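Residue numbers (this note's numbering), protein chains in the order written: chain A, 315 to 413; chain B, 458 to 628.
Note that CB positions come from ideal geometry on N, CA and C, so glycine has one too.
Remember, it's a predicted structure, so these values are computed and weren't measured experimentally.
First comes the structure, then the notes that go with it.
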């Protein structure tokens, strides 16, 4: 089981690293997808190894995929709207609402 | 013990997951980043197939690889010039990211290795969940069945469609 959890863990850490270092909003969203995907793998692996024959982990993953799709679609709509207003998707330049 | 083919498949999947997820967050061209994300998602689907959840692997390919990555590519092409490199990272930011990533790796990895290093070492036998079983579980109202979350997801997707149209519409 540990052999499947380690790649998922590395994937999650890559997501964390990307989320902190990236400045483009779409790249941040891509890192977020990496993290979500790693968690999905964990659900499936625990389901398969500890509770074979049941399907809880699988259904959690199914619903997580659906929610991730919805969240991505909405986030990209927001990003495109921001791009239209500011001609930029760099998070450092988006500080108009601060002042 | 597993067959030799299974072990080779495992290593191919695990290595491609690790390599492509590192490339996803380190490459400087954002369109390449989306492409590497596609490869990571395909490797994840292969992992689901290998763990006998065939329906889940198919869903992963259809929704993630078919839907989300296309959405990413479209929005990248809409918001940035594809040839552009992102600006070089300042070393402070990279250090911060490395600290966050490595701290996560150390804490979670230590917990994993100390708790479940030798838990469930063998792959237990399991019949693949048939479509009949999946449909019954998804549509049932009994214990451990998922009609209510299914309906909640459908309402959420509807709200998401309306929200997406409203947010992205031209005024």
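One Cα belongs to residue 334 of chain A, the other to residue 529 of chain B, and the distance between them is close to 19 Å.
Below the 7 Å Cβ cutoff, chain A contributes no neighbours of residue 489 of chain B, its closest Cβ being approximately 11 Å away. The stretch 349 to 361 of chain A makes no contact with the stretch 597 to 608 of chain B; the number of CB pairs closer than 8 Å stays below 3. At a cut-off of 9 Å, the C-beta of residue 354 of chain A has a neighbouring C-beta in chain B. Residue 338 of chain A carries a strand assignment under DSSP once its states are collapsed to helix, strand and coil. In terms of beta-carbon proximity, residue 463 of chain B stays away from the interface with chain A, with every pair separated by 9 Å or more.
Under the 9 Å criterion on CB atoms, residue 460 of chain B is classed as non-interfacial with respect to chain A. Shown here, residue 404 of chain A sits in a strand according to DSSP, grouped into three states.
Counting the other Cβ atoms within 10 Å of the Cβ of residue 513 of chain B gives 16 or more, which makes it buried. 9 Å or more divides the Cβ of residue 495 of chain B from the Cβ of residue 471 of chain B. Listed by position along chain A, the residues whose Cβ is nearer than 8 Å to that of residue 574 of chain B are 316. When secondary structure is reduced to three states using DSSP, residue 601 of chain B falls in the coil class, being assigned neither helix nor strand.
Close CB contacts of residue 498 of chain B within its chain, under the 6 Å cut and outside five residues either way in sequence, are with 521 and 522 (chain order). Within the same chain, 470, 473 and 474 come within 6 Å of residue 500 of chain B by CB-CB distance, once the 5 residues on both sides are set aside. Three or more pairs of CB atoms, one per stretch, sit closer than 8 Å, so the stretch 547 to 558 of chain B contacts the stretch 320 to 331 of chain A.
Note on residue 596 of chain B: under 16 other CB atoms within 10 angstroms of its CB, so exposed under the neighbour-count rule.
Proximity of residue 598 of chain B to chain A, defined by a Cβ-Cβ separation below 9 Å, is not satisfied. Under the three-pair Cβ rule at 8 Å, the stretch 396 to 408 of chain A does not count as touching the stretch 366 to 386 of chain A. Residues of the stretch 369 to 384 of chain A with a C-beta less than 8 Å from any C-beta of chain B: 369, 370, 372, 373, 375, 376, 377, 379, 380, 381, 382, 383 and 384, listed in chain order. Rounded to the nearest whole angstrom, the CA to CA distance from residue 612 of chain B to residue 465 of chain B is 43 Å. Not one beta carbon of chain B lies nearer than 9 Å to the beta carbon of residue 405 of chain A. Residue 565 of chain B and residue 626 of chain B have their C-alpha atoms spaced approximately 42 Å apart.
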